[in-house]
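The working numbering runs 39 ahead of the 1-based position in the sequence shown.
Ideal Cβ placement from N, Cα and C applies to all residues, glycine included.
Fair warning: this is a prediction, and the values are worked out from it, not measured in the lab.
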Amino acid sequence: MRDSTTGFVLSVIFQMVGFGAAVSMIGIFMTYRRLRNLARHGVEGGAVSTAQEYAGGGRYRVSYEVRLPEGEPRAEFREDQPGMVDLGVVVPVVYDRRKPGRGKTGFLKDIDYRTDQLAVFVFGYGGVALYAVGIILLIMVKGW
């Protein structure tokens, strides 16, 4: 297999596909981590909508201020909503007790990160493995 053109092309293809799969999963991985941490460490509470701006495509980016117990520092988070939200309205929210700025509107029982977890494991880690196989194949072909 030494100095094989087919092996070289195959290793480059593995590396490109693996790198592309891993990089395309970065956004989903961040969402997965946030939702997993909220499911593990989340506390239900309330938040007040303070501001909103048009984000495009009929969606609005809404800023929420988490209602924390007295003496706690103020915390805000942003979330995209499909429509306009009334400002000053208290909504149910799940926030991370350690970092209240990480929050999500809704209830703790509604958080489901399993679909994101499957995509991250299959495409993200599979892409890293495919990239590693491409590197090993390249080393075998070039004989380094």
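Residue i versus residue j: straight-line alpha-carbon distance, rounded
i      : j      : result
Leu147 : Tyr164 : 28 Å
His80  : Gly182 : 49 Å
Pro121 : Val82  : 24 Å
Val129 : Glu115 : 13 Å
Gly173 : Thr45  : 12 Å
Ala158 : Leu74  : 14 Å
Gly84  : Phe160 : 31 Å
Thr89  : Arg153 : 31 Å
Arg141 : Val51  : 39 Å
Arg113 : Asp151 : 27 Å
Leu107 : Ala168 : 43 Å
Ile175 : Thr70  : 31 Å
Val124 : Pro131 : 14 Å
With 16 other Cβ atoms within 10 Å as the buried cut-off, status of residue i
i      : result
Val48  : exposed
Ala171 : exposed
Asp135 : buried
Asp149 : exposed
Arg137 : exposed
Test item: CB-CB of residue i and residue j under 9 Å
i      : j      : result
Ser43  : Val180 : yes
Ala86  : Tyr103 : yes
Gly57  : Gly166 : yes
Glu111 : Thr144 : no
Ala54  : Leu177 : Reading the sequence as shown, one finds Gln at residue 54 and not Ala. Contact flag set, yes.
Val105 : Pro139 : yes
CB contact check: residue i to chain C, cutoff 9 Å
i      : result
Val128 : Absent from the structure: chain C. Only one protein chain is present.
Does the stretch 55-64 come close enough to the stretch 85-99 to have 3 or more Cβ pairs within less than 8 Å?
-> With the cut-off at 8 Å, the stretch 55-64 and the stretch 85-99 do not touch.
Minimum length 3: unbroken beta strand (DSSP E) runs contained in the stretch 119-177 | 129-135, 142-144
Completely contained beta strand (DSSP E) runs for the stretch 53-112, where each covers 3 or more residues | 81-95, 98-105
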